[in-house]
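Below: one structure, written as structure tokens.
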Amino acid sequence: YMANSGMGSRREADEKIKLGLVSVNGTVITEMGYKVKKGDVVRYEDKILKAEKPVYILLNKPKGFITTTDDPQERSTVMGLVSGAVKERIYPVGRLDRNTTGLLLLTNDGDLADRLTHPSYQAKKVYKVELDKPITKSDFIKIQEGVHLEEGKARVDEVAIVSDDKKTIGLEIHIGWNRVVRRIFESLGYQVVKLDRTIYAGLDKKDLARGQWRFLKAEEIVMLKHFK
Numbered sequence: 002y003m004a005n006s007g008m009g010s011r012r013e014a015d016e017k018i019k020l021g022l023v024s025v026n027g028t029v030i031t032e033m034g035y036k037v038k039k040g041d042v043v044r045y046e047d048k049i050l051k052a053e054k055p056v057y058i059l060l061n062k063p064k065g066f067i068t069t070t071d072d073p074q075e076r077s078t079v080m081g082l083v084s085g086a087v088k089e090r091i092y093p094v095g096r097l098d099r100n101t102t103g104l105l106l107l108t109n110d111g112d113l114a115d116r117l118t119h120p121s122y123q124a125k126k127v128y129k130v131e132l133d134k135p136i137t138k139s140d141f142i143k144i145q146e147g148v149h150l151e152e153g154k155a156r157v158d159e160v161a162i163v164s165d166d167k168k169t170i171g172l173e174i175h176i177g178w179n180r181v182v183r184r185i186f187e188s189l190g191y192q193v194v195k196l197d198r199t200i201y202a203g204l205d206k207k208d209l210a211r212g213q214w215r216f217l218k219a220e221e222i223v224m225l226k227h228f229k
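Numbering (this note's numbering), first residue to last: 2 to 229.
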């Protein structure tokens with residue numbers, strides 16, 4: 002109920018419940034999985050929560066925008082790109098760093114947000130990577146075999162050289178470690194000049210210009226919710 006009211010993911014809602022910040026009909030609730038009934042008044046601190054209709058927006062993020070709902074330093078965020086799109090409170094699923102472009106999903110569906118970001122979901126992500134110098138055959142093989150990073154071996158699903166100068170690489174990956182694609186190449190001595198996410202969880206950028214957004218189609222929502 003909290004996730005569908007736009008409060009964030011289910012995990013974020015769980016933390017608020019644990020802290021005793023949520024009440025139903027004036028009684029603080031600290032147990033997970035409490036069933037909200039019709040007519041119940043649910044409050045987070047002093048705010049009454051109301052379940053919203055689920056909203057799903059696909060954004061082709063440009064460079065220079067931060068993937069967060071707000072920023073204390075008042076830098077540009079992705080929320081500014083979808084400002085006024087819906088009255089519901091939506092938020093980005095996962096992150097793209099400031100200089101990374103490409104596909105980003107925004108929603109108020111906490112269940113789906115949790116699924117897409119959980120390691121067991123293994124959301125497919127495809128990136129176009131432009132390097133500062135041609136990749137060598139030995140480094141290409143290292144990436145195929147998995148590069149060791151802080152969290153362990155970073156395994157990719159597919160990797161291909163897609164330009165004649167060997168500076169542009171296509172990479173398919175499922176793991177969601179922070180800045181993992183940049184770190185794979187940086188660990189081998191390359192600088193990532195441009196990084197663009199072209200596919201995310203089966204969604205692509207067809208007919209979606211940089212900086213533009215669209216609502217997901219019904220069949221795309223079904224695909225995301227029923228993907229195993």
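Using N, Cα and C, we set each Cβ at its ideal position, and we do this for glycine too. Bear in mind the structure is a predicted one, so any value in this text is a computation, not a measurement.
First and last residue of the uninterrupted alpha helix (DSSP H) at residue i
i    : result
I18  : R11 to K19
D140 : K138 to E146
I185 : V181 to E187
Residue i in three-state terms, based on DSSP
i    : result
T118 : helix
E223 : The question names Glu, but residue 223 is Val in the sequence shown. Helix, per DSSP.
D205 : strand
V79  : helix
Identity of the residues DSSP links to residue i by a beta bridge
i    : result
P93  : L107
I58  : L107 and F216
H149 : K154
E131 : T169 and K195
R44  : S24 and I49
A161 : G171
V29  : S24
T101 : L196
For residue j and residue i, believed in contact at Cβ under 8 Å, the rounded distance
i    : j    : result
L189 : V182 : Actually they are not in contact, since the Cβ atoms of L189 and V182 sit about 12 Å apart, beyond 8 Å.
T108 : Y45  : Their Cβ separation, rounded to whole angstroms, is 19 Å, which puts T108 and Y45 out of contact at 8 Å.
V37  : Y2   : 4 Å
W214 : L82  : 7 Å
P120 : G177 : 7 Å
Residue-level contact to chain D via CB, residue i, 8 Å cutoff
i    : result
V194 : Going by chain labels, chain D is absent from the structure shown, which holds only one protein chain.
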